[in-house]
Amino acid sequence: MRTRILVLGSNFAGITAAIEAKHKLGDDADVTVVSPSDQFVFNPSLIWLPFGKRDRADLTFDVAPTYEHAGVEFVHRAATRIDPDRRLVTLDDGTTRAYDYLVIATGYRNNDDVVPGFRENATTITTVDEAERAGRAWRRFLDEPGDVVVAATQGAGCFGAAYEFLFNTSYQLRKAGLHKDVKLTYVTAEPFLGHFGIGGLPHGEQLLGMFLKKEGIETRLSIGIDHVDDGALGLADGSTVPFSYAMVVPPFLGQDFLHDTPGLVDEKGYVQVRPTYQTQKWDDVYAIGVAAAVDVPWQTPTPVGIPKTGFPTEQMAHTAVANIVAQVKGEAPDAEKAFGDIPAVCVMDAGNNGVIILADKMLPPRKHGLLIPGPQAHLMKLGFEKYYLWKMRHGHVTLP
Ligand SMILES: Cc1cc2nc3c(=O)[nH]c(=O)nc-3n(C[C@H](O)[C@H](O)[C@H](O)COP(=O)(O)OP(=O)(O)OC[C@H]3O[C@@H](n4cnc5c(N)ncnc54)[C@H](O)[C@@H]3O)c2cc1C
């Protein structure tokens, strides 16, 4: 009998794991992907969507043909329950799917309840729908400009996107001739500029400080948000930051249904894993990408989350697949790649400029860390977007 591999989720982590497993196991395995979305979303381009530089079609593609070509079954449904003891997953139409190996790649959802008023009074860019809403608000803002705030709340982990949006906002304000009249403020839980939720990188604080100064951006560091009113951010120290336009990055959580399986997830809904990406309790259940829990190795005065970006997500998928293949062949699943030891590779875009971020490890202690500023970073992000969408659409998931 062929091994049944079931993958929940179909974005960076899910596509990579499913297609790589099928490549490696061929006719020895039936691979099935379950996802409530039949679109791949290239989230790194969401920072451009509100400014009209991209639309939905530019940063998404239909996953069904990709899976068909790769010989992977695609089920356009949401998983609603996992029963690891019976090796069964229930879907939202009430049907069940049996598996021999399960890969949980269900990613994140916004914690909309992070502070009162967030959902009603701020915009965000963490999903395509939200970024479109942020775009409608931006167009209204251009008709009636005022102050702008870009913020990352306590517990947020996606600081890179907040910085990118901040610098792109500054660039757009300049283009619209509004730069001198609009006060732009960055509010962040990070203890210092350029912490990024990964403890910072050499000279990052100075570099970002310089960028912010050059752009005339005011900063409120190491501070939580208490609430969002219509037109003002209420901060934890009782001060307020008025705005006509606000983009706020909230913390992420794992998917709700995972809480229904005892012993699977932590309080945030992230699946607790070993360095093999097997779950703590079950050898045949894996979790990868944003869905996997990562220990935060520090305490900051205002809590910050860890960014689980695309590169480590892919590395987790490759590691999990190597282990599943080993198990199918009767070997020990001994491939390991702890999140903190995965290299950091990222580009932070700033409109027509940017910073390339490289480090030998996601988390300290590190031997090397490098930030390379300049317009080549912007060009690199443009090239990477095209390359990555091509690579995923055509199922070339093992390419770098
Ligand atoms: C605004 C923004 C900008 C970013 N910029 C960058 C960047 O510049 N560089 C970078 O490296 N990373 C960036 N990231 C991070 C990157 O997007 C993540 O690393 C990546 O999305 C993680 O992929 P994932 O597959 O783990 O999770 P997700 O992308 O969250 O995908 C989860 C998948 O699970 C599916 N799913 C959800 N619920 C269920 C269910 N019940 N059953 C089955 N399937 C389900 C979803 O439909 C989706 O297909 C950015 C993220 C954001 C939000």
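Residue numbers for the sequence shown follow full-length UniProt numbering, so the first one is 1 and each next one is one higher.
Virtual Cβ for every residue (Gly too), placed ideally from N, Cα, C.
For residue i, count neighbouring C-beta atoms within 10 Å of its own C-beta (all shown protein chains included) and say buried if the count is 16 or more, exposed if not.
| i | result |
| --- | --- |
| E164 | buried |
| residue 419 | Here the chain comprises residues numbered 1 to 400, so residue 419 is not present and cannot be evaluated. |
| G135 | buried |
| A332 | exposed |
| M392 | buried |
| D334 | exposed |
| E336 | exposed |
| T124 | buried |
| P44 | buried |
| K367 | exposed |
| R56 | exposed |
| G263 | exposed |
Between the C-alpha atoms of residue i and residue j, what's the straight-line distance to the nearest angstrom?
| i | j | result |
| --- | --- | --- |
| N11 | P36 | 11 Å |
| V345 | T300 | 24 Å |
| A156 | E215 | 24 Å |
| G310 | F196 | 15 Å |
| Q280 | F384 | 35 Å |
| H378 | V325 | 38 Å |
| R398 | V294 | The question names Arg, but residue 398 is Thr in the sequence shown. Approximately 24 Å between the Cα atoms of the pair. |
| T219 | L88 | 49 Å |
| M210 | L371 | 13 Å |
| V273 | G234 | 37 Å |
| I82 | T95 | 12 Å |
| V63 | R77 | 13 Å |
| K180 | L258 | 48 Å |
| V241 | H227 | 11 Å |
| H203 | L193 | 10 Å |
| V304 | T153 | 8 Å |
| A287 | P145 | 45 Å |
| Y388 | G238 | 44 Å |
| E190 | L221 | 6 Å |
Which whole-angstrom value is the C-beta distance of residue i and residue j, which I expect to be below 8 Å?
| i | j | result |
| --- | --- | --- |
| N352 | Y171 | 6 Å |
| G289 | T313 | 4 Å |
| A162 | V249 | 5 Å |
| D229 | G117 | 6 Å |
| I19 | V103 | That belief does not hold up - the Cβ atoms of I19 and V103 are roughly 12 Å apart, past 8 Å. |
| Y245 | A137 | 6 Å |
| L59 | V34 | Between V34 and L59 the Cβ distance is about 23 Å, and since that is not below 8 Å, they are no contact. |
| F159 | T188 | 7 Å |
| D38 | R2 | Contact flag wrong, Cβ pair sits at about 25 Å. |
Going by alpha carbons, who is nearest to residue i out of the options?
| i | options | result |
| --- | --- | --- |
| F243 | L253, D237 and G231 | G231 |
| Y270 | V249, V296 and D283 | V296 |
| N323 | P275, D237 and K367 | P275 |
| A298 | G199, V182, K22 and V355 | In the sequence as presented, Ala is not what sits at residue 298; that position holds Trp. Of the listed residues, the one whose Cα sits closest to W298 is G199. |
| G26 | V294, M316 and V328 | V328 |
| D28 | D100, V115 and R77 | D100 |
| V182 | E267, R366 and D147 | D147 |
| H23 | L235, V34, G238 and H69 | H69 |
| V150 | L212, T60, N111 and P202 | L212 |
| L208 | A21, P373 and W390 | P373 |
| I306 | L363, M247, A317 and D226 | L363 |
| F141 | I356, G107, D112 and L178 | L178 |
| A390 | A21, I356, F61 and L49 | First, the residue type needs correcting, since residue 390 is Trp and not Ala in the sequence shown. Among A21, I356, F61 and L49, the Cα nearest to that of W390 belongs to F61. |
| E205 | G224, A79 and I357 | I357 |
Name the DSSP beta bridge partners of residue i, please?
| i | result |
| --- | --- |
| residue 417 | Nothing about residue 417 can be reported from this structure: the residues present for the chain run from 1 to 400 only. |
| D229 | A232 |
| M247 | T123 and V150 |
| I356 | V347 and I372 |
| T90 | R81 and T96 |
| V286 | Correcting the residue type first, residue 286 is Tyr in the shown sequence and not Val. Per DSSP, V103 and Q278. |
With 9 Å set as the bound, which would you pick, yes or no: does the beta-carbon of residue i sit closer than that to a beta-carbon of chain B?
| i | result |
| --- | --- |
| N111 | Absent from the structure is chain B; it holds one protein chain and no more. |
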